Amino acid sequence: MSNIKAWKLISLFCLFAVLMGCQSKEEQLQQTIQESIKKVDTELSQLGTALDNGNVRNAVLLKEYGELLKKQQPELTKVVDVITLDATRQGALYSGLTQRLKDIKGTYLIPPYEDTLHSIDLLSDASKPALFSDALTDPINMLADMSKGTLARVGAISKQAEGEGVGNQMVGNPNYGNWQTNSNGISFWQWYGMYRILGDVFDRVEYGSWSKRRKYSYYNDYGRSRYSSPKQIKTQSALETRTRQTYQRQGKQFTSPYASKKTGASGLSRSSYTPPKSRSSYSRSSSYSNSSGSVRDSGSRTSRGVSRGK
């Protein structure tokens, strides 16, 4: 009897130890998340200060391009002013990062914690001045295209690119708009907020044709995982799946906009060329990492490669 009681006590102790171990792991993850949130909060603040002080190279160039284009084509002043906002804290690119951090702060105690840590890592990378500067090549190249070749493109593929024309670099980026599906099941790009004015200047873009013939953009070819929230990535994936199914029913072939990366861009930071990586401790369990990639490379080398043409 005494042996049985002893084994019961040992079993209860082991069970208690296991339960305590699980609890401490959860608490450890929560603590890691809290510390990571503080770190990203600081990084975002530092990025904002760098923008304020003119220490982000392509933010300075974006403003310069804006002033030059307004002198060349005064009728585009309102459109240019909206695009060049990305060189400031008020732009959609920076605001999108702050909103993602706000969302994380409101939900970080909700499992799965591994996905939350992964999202924080991506946000941390996106907050680095070198990568943010790379992301600004899209609005810069919009202005370059609008200048009809008088302004050089930056960090882009040299030679004529396929696509719908000027304004295409920011299409597909959820910081500026989204895809709206009509009653016929056809999706068109809709600029929102202050960017609605771009719809008065640029041609309407249909998702299926854009997917097949889109031209190079930093966001779609390099920055999508870092400059999108998990929810935005899932929305993009759902639209892609839905459109593919529609095309199949109609006997047509659908090409994913992300089927192949358009390579050849030059002058970007080293980190942009490096695929995002996840922390080894949770990379296998992160559902977000399976759909969009993860992060942990923060190279800070920057350079500005300028090429004319598309």
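Okay, so the sequence shown: first residue is 234 according to the numbering used here, each after it adds one.
Every residue, glycine too, gets a C-beta built ideally from N, C-alpha and C.
Values in this document were obtained by computation on a predicted structure and should not be read as measured data.
Neighbourhood of residue i by C-beta, 8 Å cutoff - its chain only, sequence neighbours within 5 removed
{"i": "Lys494", "result": "Asp454 and Tyr455"}
{"i": "Glu276", "result": "Ser357, Ser360 and Lys361"}
{"i": "Asp371", "result": "Gln402, Met403, Asn406, Ser450, Tyr451 and Tyr452"}
{"i": "Gly287", "result": "Val293"}
Whole-angstrom distance between residue j and residue i, CA atom to CA atom
{"i": "Tyr341", "j": "Ser458", "result": "19 Å"}
{"i": "Ile353", "j": "Gln332", "result": "12 Å"}
{"i": "Leu294", "j": "Glu259", "result": "46 Å"}
{"i": "Ser513", "j": "Ile466", "result": "Confidence is the limiting factor: at Ser513 the pLDDT is only 41, short of 50, which leaves the residue's position unreliable and the question unanswerable from this model."}
{"i": "Leu369", "j": "Ser257", "result": "42 Å"}
{"i": "Gln486", "j": "Gly441", "result": "10 Å"}
{"i": "Thr468", "j": "Gly329", "result": "16 Å"}
{"i": "Tyr460", "j": "Arg482", "result": "33 Å"}
{"i": "Leu309", "j": "Asp274", "result": "36 Å"}
{"i": "Leu326", "j": "Ile266", "result": "24 Å"}
{"i": "Lys338", "j": "Leu280", "result": "19 Å"}
{"i": "Ile545", "j": "Ala471", "result": "Since the displayed the chain opens at 234 and closes at 543, residue 545 lies outside it and no answer follows."}
{"i": "Arg386", "j": "Val438", "result": "22 Å"}
{"i": "Gly484", "j": "Asn411", "result": "26 Å"}
{"i": "Asp314", "j": "Lys303", "result": "9 Å"}
{"i": "Tyr346", "j": "Leu334", "result": "15 Å"}
{"i": "Thr474", "j": "Pro490", "result": "12 Å"}
{"i": "Gln264", "j": "Asp285", "result": "32 Å"}
{"i": "Ile316", "j": "Gln306", "result": "15 Å"}
{"i": "Ala177", "j": "Asn415", "result": "The requested residue 177 does not occur in the structure, where the chain is confined to residues 234 to 543."}
{"i": "Met375", "j": "Gly382", "result": "11 Å"}
Cut-off 7 Å between Cβ atoms - residues of its own chain near residue i, not counting five sequence neighbours on either side
{"i": "Thr479", "result": "Gly418"}
{"i": "Thr488", "result": "Ser444 and Lys445"}
{"i": "Gln413", "result": "Ser420, Phe421 and Gln423"}
{"i": "Val215", "result": "Beyond the ends of the chain as shown, which are 234 and 543, falls residue 215; an answer cannot be given."}
Residue i, DSSP secondary structure in three states
{"i": "Phe435", "result": "coil"}
{"i": "Asn453", "result": "helix"}
{"i": "Ser502", "result": "coil"}
{"i": "Tyr496", "result": "Rather than Tyr, the amino acid found at residue 496 in this sequence is Thr. Three-state DSSP puts Thr496 in coil, outside helix and strand."}
{"i": "Ser420", "result": "strand"}
{"i": "Lys392", "result": "Low local confidence applies: a pLDDT of 39 at Lys392 is under 50, so the model's placement there is unreliable, with the coordinate-based value given in what follows. Looking at Lys392 - three-state DSSP - the assignment turns out to be coil, as it is neither helix nor strand."}
{"i": "Gly405", "result": "coil"}
{"i": "Thr282", "result": "helix"}
{"i": "Gln483", "result": "coil"}
{"i": "Val289", "result": "coil"}
{"i": "Pro463", "result": "helix"}
{"i": "Asn374", "result": "helix"}
Residue i CB to nearest heavy atom of the ligand FMN below 7 Å
{"i": "Arg503", "result": "Within the structure as shown, the ligand FMN is missing, as the structure has no ligands at all."}
Buried versus exposed, by CB contacts within 10 Å (16 or more), residue i
{"i": "Ser269", "result": "buried"}
{"i": "Arg429", "result": "exposed"}
{"i": "Ala363", "result": "buried"}
{"i": "Gln261", "result": "exposed"}
{"i": "Gly324", "result": "buried"}
{"i": "Pro344", "result": "exposed"}
{"i": "Gln506", "result": "Note that residue 506 is Tyr in the sequence shown here, rather than Gln. Looking at its Cβ environment, which holds fewer than 16 other Cβ atoms inside 10 Å, Tyr506 is exposed."}
{"i": "Asp367", "result": "buried"}
{"i": "Asn408", "result": "buried"}
{"i": "Thr476", "result": "buried"}
{"i": "Ala389", "result": "buried"}
{"i": "Ser502", "result": "buried"}
Nearest residue (CA-CA) to residue i, options the options
{"i": "Ser504", "options": "Phe365, Gly299, Ala471 and Pro307", "result": "Phe365"}
{"i": "Leu301", "options": "Lys464, Asp285 and Ser380", "result": "Ser380"}
{"i": "Thr496", "options": "Ile316, Thr474 and Lys448", "result": "Lys448"}
{"i": "Asp348", "options": "Ser462, Gly299, Lys271 and Asn415", "result": "Ser462"}
{"i": "Leu350", "options": "Gly500, Leu501, Lys272 and Ala498", "result": "Lys272"}
{"i": "Lys464", "options": "Asp336, Arg322, Tyr425 and Ser278", "result": "Asp336"}
Neighbourhood of residue i by C-beta, 6 Å cutoff - its chain only, sequence neighbours within 5 removed
{"i": "Leu180", "result": "Residue 180 lies beyond the stretch modelled for the chain, which goes from 234 to 543, so this question has no answer here."}
{"i": "Ala320", "result": "Ala292, Leu295 and Lys296"}
{"i": "Ala283", "result": "Val289 and Pro362"}
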